[in-house]
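S.K.: Using the numbering used here, the letters of the sequence shown map in sequence onto residues 134 to 271.
Note that beta-carbon positions come from the ideal geometry of N, C-alpha and C, so glycine has one too.
As the structure is a computational prediction, the values presented were derived from the model and not from experiment.
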Amino acid sequence: IGLSLSREAERSDEIFARLLSSYFAVAIFFVPIFLYFLAAIFHGLMRLVYKVTPLPLSRVTFFWALFLCMPFQILVSIIRVSFTSEHLSIFLNSTILLYFIWLWSIFDSEIFGLKKIFPIFMLKLGAIAICFVTVLAL
Numbered sequence: 134i135g136l137s138l139s140r141e142a143e144r145s146d147e148i149f150a151r152l153l154s155s156y157f158a159v160a161i162f163f164v165p166i167f168l169y170f171l172a173a174i175f176h177g178l179m180r181l182v183y184k185v186t187p188l189p190l191s192r193v194t195f196f197w198a199l200f201l202c203m204p205f206q207i208l209v210s211i212i213r214v215s216f217t218s219e220h221l222s223i224f225l226n227s228t229i230l231l232y233f234i235w236l237w238s239i240f241d242s243e244i245f246g247l248k249k250i251f252p253i254f255m256l257k258l259g260a261i262a263i264c265f266v267t268v269l270a271l
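#1: Please give the ranges of any alpha helix (DSSP H) in the region 213-252, keeping only runs that are unbroken, at least 4 residues long and fully inside the region.
#2: Measure from the alpha carbon of W235 to the alpha carbon of each residue in S155, T217, F251, V159, then state which is nearest.
#3: Using CA atoms only, rank isn't needed, just tell me which of Y156, I148, I239, S210 is closest to S227.
#4: Grouping DSSP H, G and I as helix and E and B as strand, with all else coil, what is L271?
#5: Give the straight-line distance between the Cα atoms of L230 and S145, rounded to the nearest whole angstrom.
#6: In three-state terms, what does DSSP make of P165?
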């Protein structure tokens, strides 16, 4: 969405088509592999802490949480391109991330029969925060 809304006048149609097709190829082939890998990592974390067993259920909860957050992410992309405020973009993206983790925690709590949602939420939030800090430190 950002590519199509912020299209600059000096870009030719050929360059725009190449960029769009490369983004499409990444979205179709590499993003699902990365998301499955991410769901498996968090399933391993949940298995260590809460002794949950079926990996397919963890993938289902992960993808349902992503699916329910996607309309809000599209709206945030449109707002980010329209207003170009860095602080607003950071706030909205952080809010969507927290909403995603909360939904994912609720789904995991329900599907695995765990009683408390907040510890699951804090476990996932802490793991994601550690990943962000590690990436920023590199």
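M.R.: The structure says:
#1: 219-245
#2: On the sequence shown, residue 235 is found 102 positions in, with the first residue counted as 1. Checking every option, the nearest Cα to that of W235 belongs to F251.
#3: On the sequence shown, position 94 is the one that residue 227 refers to. Comparing Cα positions, the closest option is S210.
#4: Stepping through the sequence shown from its first residue, residue 271 is reached at position 138. L271: coil per DSSP, three-state reduction.
#5: The residue labelled residue 230 in the question sits at position 97 within the sequence shown. The residue labelled residue 145 in the question sits at position 12 within the sequence shown. C-alpha separation (whole angstroms): 35 Å.
#6: Position 32 of the sequence shown, counting from 1, holds the residue named residue 165. P165 falls in the helix class under three-state DSSP.
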